[in-house]
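Colleague:
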Amino acid sequence: MGMATELLALNELKINKTKASLTNEYSIVDAHGTPVGRVEELSTLKEALRRARTFMVLGLDDAGNAAEPIFGLKAFPRFITETYEVHLPGQDKALATIEQTRAMVKTTLKVTMDGYPEIVVSGKFWEREFVAKAGTQILATADMSWEGFKRYLGGEIDYRLVVSRGLDQNQHLVILLAVVCLDVLHSKWVESTNS
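Note that the numbering used here has the sequence shown beginning at 942, numbered continuously upward.
#1: Looking only at its own chain, which residues have a Cβ that is under 7 Å from the Cβ of ARG1106, when we skip the five neighbours before and after it?
#2: How big is the Cα-Cα spacing for MET942 and HIS973?
#3: Please report how far the alpha carbon of THR995 lies from the alpha carbon of LEU983, in whole angstroms.
#4: With LEU1080 and VAL1104 assumed to form a contact (beta carbons below 8 Å), what rounded beta-carbon distance in angstroms separates them?
#5: Beta-carbon within less than 8 Å of ARG1069's beta-carbon, same chain only, minus the 5 sequence neighbours each way: which residues are those?
#6: Using alpha carbons as the reference points, say which of GLU1009, ASP971, ASP1003 lies closest to TYR1100.
#7: Excluding sequence positions up to five away, which residues of its chain have a Cβ less than 7 Å from the Cβ of MET1054?
#8: Out of VAL1125, ALA1075, LEU999, point me to the one whose CA is closest to GLY1056's CA.
#9: What residue range does the beta strand (DSSP E) around PRO1030 cover?
#10: By DSSP, does ILE1116 sit in helix, in strand, or in coil?
#11: Indicate the three-state DSSP secondary structure (helix, strand or coil) for ASP1124 in the structure shown.
#12: Would you call GLU1023 buried or exposed, if buried means 16 or more other Cβ atoms sit within 10 Å of its Cβ?
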């Protein structure tokens, strides 16, 4: 868990979508641009087409190459909204559930995890800003950006995530994975608005 400890101890991360297609990949860098992790989609073509997606968060070794899996994320699509489960490698029982609760004007994700207060992540894609709260306490903010309209059209969106101090690794983890969920939902939103 050394790599997980390092990744989840950082209060500011940039999550860059590096591959946007039927399967997606993301790089995770710290505030100085140093690579600290990756997210890879492991879905088969059939799963991707059904939107039953699986992602794995990977730590990096000393040479900057993807190393052992740290956490997994599985999507269970429904007609209008989606549900995601956060898993530790080799564990069948979900550590947390991330559920999309609204699909119209405002995008809202509800994060539930045993022993923790519920986290609500909400915002509007066209405003490009999201806030994660537990009750009235702000736990994190995430904003979307892209360099050039071509990257945006290609689905290569960057997210700057700032997590409040004092949160533990589990809270860091579910907030990081909620940003990946937001990107999946953003891609779906773009497809629906362009069709």
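Here a beta-carbon is modelled for each residue, glycine too, at the ideal position from N, C-alpha and C.
Modeller: Here's the rundown:
#1: Excluding sequence neighbours, ARG1106 sits near ASN952.
#2: Unreliable positioning characterises MET942 in this predicted model, as indicated by a pLDDT of 46, which lies under 50. The coordinate reading is nonetheless provided below. If you draw a straight line from the Cα of MET942 to the Cα of HIS973, it is about 23 Å long.
#3: Rounded to whole angstroms, THR995 to LEU983 spans 5 Å at the Cα level.
#4: Under the criterion of beta carbons closer than 8 Å, LEU1080 and VAL1104 qualify as touching, at roughly 7 Å.
#5: Counting only residues of its own chain and dropping the five nearest sequence neighbours on each side, ARG1069 has a CB closer than 8 Å to the CB of ASP1084, MET1085, SER1086.
#6: Selected option, being the one with the closest Cα: ASP971.
#7: For MET1054, where only same-chain residues beyond five positions count, the Cβ hits under 7 Å are LEU1036, ALA1037, ASN1111, VAL1115.
#8: If we check each option's Cα against that of GLY1056, ALA1075 comes out closest.
#9: For PRO1030, no beta strand (DSSP E) run applies, since DSSP gives it neither H nor E.
#10: Residue state for ILE1116 is assigned as helix, using DSSP reduced to three classes.
#11: Taken through DSSP and simplified to helix, strand or coil, ASP1124 comes out as helix.
#12: That one is buried.
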